[in-house]
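Here the structure comes first, spelled out in C-alpha cells, and everything after it is commentary.
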Amino acid sequence: KAGVTQTPRYLIKTRGQQVTLSCSPISGHRSVSWYQQTPGQGLQFLFEYFSETQRNKGNFPGRFSGRQFSNSRSEMNVSTLELGDSALYLCASSATGLSNYGYTFGSGTRLTVV
Amino acid sequence: DQQVKQNSPSLSVQEGRISILNCDYTNSMFDYFLWYKKYPAEGPTFLISISSIKDKNEDGRFTVFLNKSAKHLSLHIVPSQPGDSAVYFCAASLRASYGKLTFGQGTILTVHP
Numbered sequence: 014k015a016g017v018t019q020t021p022r023y024l025i026k027t028r029g030q031q032v033t034l035s036c037s038p039i040s041g042h043r044s045v046s047w048y049q050q051t052p053g054q055g056l057q058f059l060f061e062y063f064s065e066t067q068r069n070k071g072n073f074p075g076r077f078s079g080r081q082f083s084n085s086r087s088e089m090n091v092s093t094l095e096l097g098d099s100a101l102y103l104c105a106s107s108a109t110g111l112s113n114y115g116y117t118f119g120s121g122t123r124l125t126v127v
Numbered sequence: 015d016q017q018v019k020q021n022s023p024s025l026s027v028q029e030g031r032i033s034i035l036n037c038d039y040t041n042s043m044f045d046y047f048l049w050y051k052k053y054p055a056e057g058p059t060f061l062i063s064i065s066s067i068k069d070k071n072e073d074g075r076f077t078v079f080l081n082k083s084a085k086h087l088s089l090h091i092v093p094s095q096p097g098d099s100a101v102y103f104c105a106a107s108l109r110a111s112y113g114k115l116t117f118g119q120g121t122i123l124t125v126h127p
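As they're listed, the protein sequences go chains E and V.
Each residue of the first sequence is one higher than the one before, starting from 14 at the first, in our numbering.
Each residue of the second sequence is one higher than the one before, starting from 15 at the first, in our numbering.
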C-alpha cells in the first residue's frame, strides 16, 4: 500500500515569505502529526490532527499552523519565514494518533530559508 | 529541557557483533517507548516498541530493554549487519498524548564489514 506522501520534497524561500507543505497519509489513517527536524533541536513535535480537528500542539509560535481536510490530507503553513525555520519537516500518519498503534513517517520536505 | 537523551552521538561495531544503543529519559509519566531508524533523505522507520508495563520486547534481531527504575532503555541488535548503518532515535510518549513523540537526539550506528 502507498506510504505517507509529502510534497514538495525541497523548497527554497526568502525571509518574510510564507510556505505551505502538504502531507497525504496512508489510506485509512485519520491522524496526521507534523515534526520539525533541525541539527540543533532534533525532532520536535508541531501538532496533530484527527478528523479535521487539532488535538495536540507543541511549543511553536503561532506562525506555524496546520489544517486537515475531510480526506485526511493535511497541510502546514509557516508565515513570515525566519532563517531559523530552515529544517526538514516530517509528517507521520496513524490510524488513531496513539503511539501504541504506531506512526509511519513520510520522507519529509526540506525547507531552506534564505 | 531534554526529556529523552541519547548520550552517544555515534557507535561503531563490526559486522556480526552486538550493537547496543542507549537512551535515558527523565519523565516517569512516559508510558510507551519506540525506536526508529533513519537513513539520509528518508523519514524515520519504526523498528520496535515497548510498553512501560514490560521490561523486554524482541523482534527478530532487535530487542529493547526497559529499566524503569533507572529510566533507561536500550536497543540490542544481534547480529549487526552493514545494512543496519543508520541514525537510531529513541522516542517516548505520554498516555493519550495524541501524535506526540518526544525524541532523543539520535545515535549514528556504523557497522563495518
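Glycine residues also receive a C-beta, built at the ideal position from the N, C-alpha and C atoms.
Leaving out five residues on either side along the sequence, give the residues of the same chain with a beta carbon under 6 Å from the beta carbon of V/K47. Locating residue 47 of chain V in the second sequence gives position 33, counting from the first residue. Position check: residue 47 of chain V holds Phe in this sequence, whereas Lys was assumed. In its chain, beyond the 5 residues on either side, I64, L87 and A106 have a beta carbon closer than 6 Å to the beta carbon of V/F47.
Does any C-beta atom of chain V lie closer than 8 Å to the C-beta of E/N90? On the first sequence, position 77 is the one that residue 90 of chain E refers to. No, E/N90 does not count as interfacial toward chain V.
Closest by C-alpha distance to E/L111, when choosing among E/E61, E/S87 and E/Q54: Indexing the first sequence from 1 puts residue 111 of chain E at position 98. Checking every option, the nearest Cα to that of E/L111 belongs to E/E61.
What does DSSP give as the partner residue(s) for V/A84 in the beta ladder? In the second sequence, residue 84 of chain V corresponds to position 70, counting from 1. The partner list for V/A84 (beta bridge, DSSP) is empty, contrary to what the question assumes.
Short of 6 Å in beta carbon distance, which residues of its chain neighbour E/K46, apart from the five on each side in sequence? Order them along the chain. Translated into positions along the first sequence, residue 46 of chain E becomes position 33. Lys is not the amino acid found at residue 46 of chain E; the sequence shown has Ser there. Hits under 6 Å: E61 and A105.
Would DSSP call V/G97 helix, strand or coil? If you number the second sequence from 1, residue 97 of chain V lands on position 83. Correct three-state label for V/G97: helix.
Per DSSP, which one or two residues make a beta bridge with E/G79? As a working mapping, residue 79 of chain E is identified with position 66 in the first sequence. In DSSP, E/G79 forms a bridge with E/M89.
Closer than 7 Å by C-beta to E/L96: which residues in its own chain qualify, once you throw out the five before and the five after it? Chain order, please. On the first sequence, position 83 is the one that residue 96 of chain E refers to. Within the same chain, E/L96 has close Cβ partners R28 and V126.
Would V/A55 pass as an interface residue toward chain E - the criterion being a Cβ-Cβ separation below 8 Å? Sequence index remark: in the second sequence, residue 55 of chain V carries index 41 (1-based). Closer than 8 Å: yes.
Count the other CB atoms, across all protein chains shown, that sit within 10 Å of the CB of E/Y114; report buried if there are 16 or more and exposed otherwise. If you number the first sequence from 1, residue 114 of chain E lands on position 101. Exposed, since its Cβ has fewer than 16 Cβ neighbours within 10 Å.
Below 7 Å between beta carbons is the criterion; list the residues of the segment 46 to 62 of chain E that meet it against any residue of chain V, in chain order. For chain V, the residues of the segment 46 to 62 of chain E that bring a beta carbon within less than 7 Å of one of its beta carbons are S46, G55, L56, F58 and E61, in chain order.
Enclosing beta strand (DSSP E) for E/A100 [first to last residue]: Numbered from 1 along the first sequence, position 87 holds the residue referred to as residue 100 of chain E. Membership of E/A100 in the beta strand (DSSP E) is indicated by the continuous run A100 to S107.
Along the chain, where does the beta strand (DSSP E) containing V/K114 start, and where does it finish? Your numbering for residue 114 of chain V matches position 100 in the second sequence. Looking at the DSSP string, V/K114 is not in any beta strand (DSSP E), and its letter there is neither H nor E.
Mind checking who V/E72 pairs with in its DSSP beta bridge? For the purposes of this step, residue 72 of chain V is identified with residue 58 of the second sequence, where counting begins at 1. According to DSSP, which records beta bridges pairwise, V/E72 is partnered with V/T77.
Where V/P127 and V/Y102 are concerned, what is the direct C-alpha to C-alpha distance, given to the nearest angstrom? One-based indexing of the second sequence puts residue 127 of chain V at position 113. One-based indexing of the second sequence puts residue 102 of chain V at position 88. One C-alpha to the other measures close to 19 Å.
Grouping DSSP H, G and I as helix and E and B as strand, with all else coil, what is E/Y23? The residue given as residue 23 of chain E occupies position 10 in the first sequence. Here E/Y23 carries a strand assignment [DSSP, helix/strand/coil].
Per the DSSP calculation, E/Y62 is bridged to which residue(s)? Here residue 62 of chain E corresponds to residue number 49 of the first sequence, with the count starting at 1. DSSP, once it has assigned bridges, lists E/V45 and E/Q67 as partnering E/Y62.
Closest by C-alpha distance to E/S120, when choosing among V/N41, V/K51 and V/F44: Indexing the first sequence from 1 puts residue 120 of chain E at position 107. Closest by alpha carbon: V/K51.
How would you write the range of the beta strand (DSSP E) that V/S33 sits in, first residue to last? Within the second sequence, the letter at position 19 stands for residue 33 of chain V. That run of the beta strand (DSSP E) goes S33 to Y39.
V/C104 Cβ short of 7 Å to the ligand ATP heavy atom set: In terms of ligand content, the structure shown is empty, and the ligand ATP therefore cannot be addressed.
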